[in-house]
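Engineer: Which chain is which? The protein sequence lines are L and Z, in order.
With the first letter of the first sequence counted as 1, position 10 gets the number 0 in the working numbering; the numbers rise by one all the way through.
With the first letter of the second sequence counted as 1, position 62 gets the number 1367 in the working numbering; the numbers rise by one all the way through.
Quick reminder that beta carbons are idealized off the backbone N, C-alpha and C, glycines included.
Here's a structure for you.
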Amino acid sequence: EDKVVQSPLSLVVHEGDTVTLNCSYEVTNFRSLLWYKQEKKAPTFLFMLTSSGIEKKSGRLSSILDKKELFSILNITATQTGDSAVYLCAVRGDSWGKLQFGAGTQVVVTP
Amino acid sequence: EAQVTQNPRYLITVTGKKLTVTCSQNMNHEYMSWYRQDPGLGLRQIYYSMNVEVTDKGDVPEGYKVSRKEKRNFPLILESPSPNQTSLYFCASSPLAGGPADTQYFGPGTRLTVL
């Protein structure tokens, strides 16, 4: 059975700190891993990582994929209160249409 | 404006009363999907559609039906809702599942309560 596990479940940091979120997965025939940010509404897309794109960066956010060890990391540097959200990881495996999500990591950034 | 719309946004109903949640996208996307979100469980996929007339089950399809007669619409049907279907529902669309533009745009969500 496919599995996506995110850790930690939640964390609280001060503005300016660096945050590292983990996503480990077990899926048949891995195809891609996606990161989303969810504030008090619908998730919004952050990154997609595949075998041909194992590192992505956008501003203060960056992500890497370790296909050998089956995990991904999302880093947020110089955190701001606007980074407070739930961060979701999702993986596409054997079926292109299926997308398996982790339970998410709640990040709270305090001023 | 490119968007995914869902209706209704909020719905309180009673057990057994059939209901439909509509989902529409204006981006000409091939792929559409329904998810439910429950505390501590993240998003779980109910059904997805790779294209018109092509639908398939996700991880939690029991108690739900879908149809994809047109590219832009992907309604979610609950024939006989039960209290365990109380949840927050999201519809999403993407140009192509797994393709280089696999970003998935989510609708605003429908909060359903079944009494």
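Cβ closer than 9 Å: which chain Z residues qualify as neighbours of glycine -2 of chain L?
Structural biologist: Here residue -2 of chain L refers to the residue found at position 8 of the first sequence. It is proline, not glycine, that sits at residue -2 of chain L in the sequence shown. The premise fails here: proline -2 of chain L is roughly 14 Å from chain Z at the closest Cβ pair, so nothing lies under 9 Å.
Engineer: Tell me the DSSP bridge mates of lysine 1370 of chain Z?
Structural biologist: As a working mapping, residue 1370 of chain Z is identified with position 65 in the second sequence. Z:Ile1382, per the DSSP bridge assignment.
Engineer: Could you tell me whether any Cβ in chain L is nearer than 7 Å to the Cβ of glutamine 1350 of chain Z?
Structural biologist: Numbered from 1 along the second sequence, position 45 holds the residue referred to as residue 1350 of chain Z. Yes - at least one Cβ of chain L is within 7 Å of the one on glutamine 1350 of chain Z.
Engineer: Does any CB atom of chain L fall closer than 7 Å to the CB of threonine 1310 of chain Z?
Structural biologist: Taking the second sequence and counting its residues from 1, one reaches residue 1310 of chain Z at position 5. Not one chain L Cβ lies under 7 Å of threonine 1310 of chain Z.
Engineer: Can you confirm whether leucine 11 of chain L, when its beta carbon is compared against all beta carbons of chain Z, has any partner nearer than 7 Å?
Structural biologist: Along the first sequence, read from residue 1 onward, the residue named residue 11 of chain L stands at position 21. So no, leucine 11 of chain L is outside the interface.
Engineer: Between the alpha carbons of leucine 64 of chain L and leucine 51 of chain L, how many angstroms are there, rounded?
Structural biologist: For the purposes of this step, residue 64 of chain L is taken as the residue at position 74 of the first sequence. For the purposes of this step, residue 51 of chain L is taken as the residue at position 61 of the first sequence. Near 7 Å, if we compare the C-alpha coordinates of leucine 51 of chain L and leucine 64 of chain L.
Engineer: Rounded to a whole number of angstroms, what is the C-alpha to C-alpha distance between threonine 1408 of chain Z and leucine 78 of chain L?
Structural biologist: By one-based count along the second sequence, residue 1408 of chain Z stands at place 103. By one-based count along the first sequence, residue 78 of chain L stands at place 88. Whole-angstrom Cα-Cα distance: 13 Å.
Engineer: Using a C-beta to C-beta distance shorter than 7 Å, which residues of chain L count as neighbours of leucine 1346 of chain Z?
Structural biologist: As a working mapping, residue 1346 of chain Z is identified with position 41 in the second sequence. What leucine 1346 of chain Z touches in chain L: Ala93.
Engineer: Any beta carbon of chain Z sitting closer than 7 Å to that of proline 101 of chain L?
Structural biologist: Position 111 of the first sequence holds residue 101 of chain L. No - not a single Cβ of chain Z is within 7 Å of the one on proline 101 of chain L.
Engineer: Tell me the DSSP secondary structure of glutamine 1390 of chain Z in three-state form.
Structural biologist: For the purposes of this step, residue 1390 of chain Z is taken as the residue at position 85 of the second sequence. Here glutamine 1390 of chain Z sits in helix by DSSP.
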